[in-house]
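For reference, the structure discussed in these notes is given below.
Here it is in structure tokens:
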């Protein structure tokens, strides 16, 4: 590979590192062409950009980045694919589907400004809540007291109405 091509790839990887806030390093060793194509389709459907890279070029892109990725250097062995994403837990959930086979295997991840090294971190990564999930939980929590007050007022009005009706019908 020519130096110009390598420089171009390093620059493109650097741009992806800036564009996407989260990424996963995955080992695809053992996947045949059919399973790799199926994985790529699932990645596309889940808005994940998957790129197979040379470890040395990715290492140089990490070094050129403003963020310190030195903890990930040890994971750059063997076949490496990078899954770039805007939502931290989506690739983890996708990889959990393949967990019983062990392929693809998680090497490391950079999610929510934290570094996760090792396949044992997959459960932890899939438990990370996305921004939309957190917002939905907050909205549900905020709506809950209002719903309780409204239902109490509605049931209270029925009770008061019933009491007044009973008192009105009662002979004196």
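Residue numbers (this note's numbering): 8 to 179.
In this text, a Cβ means the ideal position worked out from N, Cα and C, and glycines have one as well.
- Along the stretch 81-124, the alpha helix (DSSP H) occurs as fully enclosed runs of 4 or more residues at 97-104, listed in sequence order.
- In this structure, residue 60 sits near residue 89, with a CB-CB distance shorter than 8 Å.
- Taking the CA atoms as reference points, residue 132 sits about 22 Å from residue 43.
- Taking a C-beta distance under 8 Å as the contact criterion, residue 77 and residue 24 do not qualify as a contact pair.
- For residue 128, the three-state secondary structure derived from DSSP is helix.
- Residue pairing from DSSP places residue 29 in a beta bridge opposite 92.
- In this structure the stretch 26-33 touches the stretch 88-102; the number of beta carbon pairs closer than 8 Å is three or more.
- Residues of the same chain with their beta carbon placed closer than 7 Å to that of residue 147 are lacking, with the five preceding and five following residues left out of the count.
- Inclusion of residue 33 and residue 113 in the CB contact set at 8 Å is warranted, their separation being smaller than that value.
- Rounded to whole angstroms, residue 68 and residue 75 show a C-alpha spacing of 11 Å.
- Ranked by Cα distance from residue 20, the options 50, 121, 63, 45 are led by 63.
- Shortest Cα-Cα distance from residue 138 to any of 56, 154, 118 involves 118.
- For residue 87 and residue 45, the gap between their C-alpha atoms comes out near 17 Å.
- Rounded to whole angstroms, the gap between the alpha carbons of residue 47 and residue 85 is 19 Å.
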